[in-house]
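Using my numbering, the first residue of the sequence shown is number 312, and each one after it goes up by one.
For each residue, glycine too, the CB sits at the ideal point set by N, CA and C.
Remember, it's a predicted structure, so these values are computed and weren't measured experimentally.
Shown next, in structure tokens, is the structure this report addresses.
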Amino acid sequence: MSWCDIGVNFTDKRLLFEPVFERALVADVSHIIITGTNINKSQQAIQLAQQYPNHLSATIGVHPHDASQFSDETIQELNTLARSKCVVAIGECGLDFNRNFSTPDQQLFAFEQQLKLACELGLPVFLHERDAFEAQIALLTKYHKTLKGGVVHCFTGDIEQMKRYLDLDLYIGITGWVCDLKRGQTLREAVKSLPLNRILLETDAPYLRPKGLANNRRVDNGNNEPAYLPFVAQEVARLIVTDITTLQLASQANTQALFNIPSISADLAE
């Protein structure tokens with residue numbers, strides 16, 4: 312039995328692909344979904360995923376920070392990229408009204424266009440949201456009936472927000488934020504009520520290194536890695552009061568169901 316990390320930023324230069332990938336396999340993290348956040352990084356995600364198709368998949372999309380660059384040409388490029396067999400979702404897309412690197416109007420336009428594309432292609436969405444919950448829920452509700460599901464990536468909200476996402480048949484992505492006893496307290500309370508059949512696990516590496524993880528700076532330079540996913544899983548299992556094998560089976564089944572990944576194998580053979 313093995314794990315799947317549904318969100319790794321392998322296009323970030325801080326993650327040296329080969330050694331990080333090898334350490335993930337040693338840790339029984341045998342499938343990784345590489346996050347695309349703009350056209351260039353989506354292309355890079357596909358190129359990496361194609362190297363090990365049994366172990367890597369990719370998302371393609373435009374992060375709200377880059378929404379100011381979104382155009383009709385962007386949609387055409389995403390449509391073309393989606394033809395790759397390794398592409399399993401549209402995103403990272405959504406709304407971020409915290410930093411507003413792109414204006415709210417630009418973000419809303421880019422997000423809605425990507426929701427439309429996901430509906431047309433029959434792909435789930437890989438969602439980002441920060442300080443924009445009501446606006447995000449409104450657009451997701453608009454496309455709920457035709458959208459083929461999705462995951463709220465790196466969920467950090469409260470139990471009521473979680474329930475409203477669940478009402479839209481979305482999965483909830485849990486990261487190492489859940490290991491932070493101070494900043495993650497609201498999330499920790501919400502996770503206690505998260506149904507097993509809606510849990511997905513992710514590291515968001517190189518970000519969100521779990522609190523409490525032993526110092527391994529000589530190996531990882533202080534970055535988070537997919538190899539640390541089992542550490543996050545242990546904390547999630549403790550919070551939802553289940554054994555690690557049950558969580559492993561559930562998260563794997565959920566990953567396969569949402570992203571249409573036929574099998575998650577621990578074998579490196581291609």
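Classification of residue i by the beta-carbon crowding that lies within 10 angstroms, buried from 16 upward
i, result
"residue 574", "exposed"
"residue 433", "exposed"
"residue 435", "buried"
"residue 569", "buried"
"residue 525", "exposed"
"residue 383", "exposed"
"residue 322", "buried"
"residue 442", "exposed"
"residue 385", "buried"
"residue 331", "buried"
"residue 535", "buried"
"residue 478", "exposed"
"residue 523", "exposed"
Under the three-state DSSP convention, the category residue i falls into
i, result
"residue 448", "helix"
"residue 525", "coil"
"residue 580", "Reliability fails at residue 580, whose pLDDT of 42 lies under 50, so the model's placement of it is uncertain and the value that follows must be treated cautiously. Of the three classes helix, strand and coil, the one that applies to residue 580 here is coil, per DSSP."
"residue 455", "coil"
"residue 519", "coil"
"residue 441", "strand"
"residue 403", "strand"
"residue 436", "strand"
"residue 323", "coil"
"residue 393", "coil"
"residue 574", "coil"
"residue 338", "coil"
"residue 512", "strand"
"residue 553", "coil"
"residue 367", "strand"
"residue 543", "helix"
"residue 489", "helix"
"residue 465", "coil"
"residue 398", "strand"
"residue 531", "helix"
"residue 480", "coil"
Under 8 Å between C-beta atoms of residue i and residue j
i, j, result
"residue 369", "residue 404", "no"
"residue 338", "residue 538", "yes"
"residue 373", "residue 421", "yes"
"residue 543", "residue 452", "no"
"residue 377", "residue 353", "no"
"residue 519", "residue 314", "no"
"residue 513", "residue 317", "yes"
"residue 426", "residue 418", "no"
"residue 567", "residue 555", "no"
"residue 395", "residue 366", "no"
"residue 547", "residue 558", "yes"
"residue 264", "residue 517", "Any question about residue 264 goes unanswered here, given that the chain covers just 312 to 581."
"residue 450", "residue 423", "yes"
"residue 460", "residue 444", "no"
"residue 319", "residue 350", "no"
"residue 401", "residue 371", "yes"
"residue 359", "residue 381", "no"
Expected contact under 8 Å - CB spacing of residue i and residue j to nearest Å
i, j, result
"residue 347", "residue 356", "4 Å"
"residue 572", "residue 399", "7 Å"
Residue i Cβ short of 7 Å to the ligand ATP heavy atom set
i, result
"residue 406", "This structure lacks the ligand ATP; in fact it carries no ligand of any kind."
Task: At least 3 beta-carbon pairs within less than 8 Å: the region 488 to 504 vs the region 525 to 533 - done: No, the region 488 to 504 is not in contact with the region 525 to 533.
Open item on the list: Check whether the region 436 to 446 and the region 454 to 466 are in contact - that is, three or more C-beta pairs closer than 8 Å.
Closed with: Short answer: they touch.
Open item on the list: Measuring CB atoms only, is the region 478 to 490 touching the region 504 to 518, in the sense that at least three cross pairs come out at less than 8 Å?
Closed with: Counting Cβ pairs under 8 Å, three or more are found: they touch.
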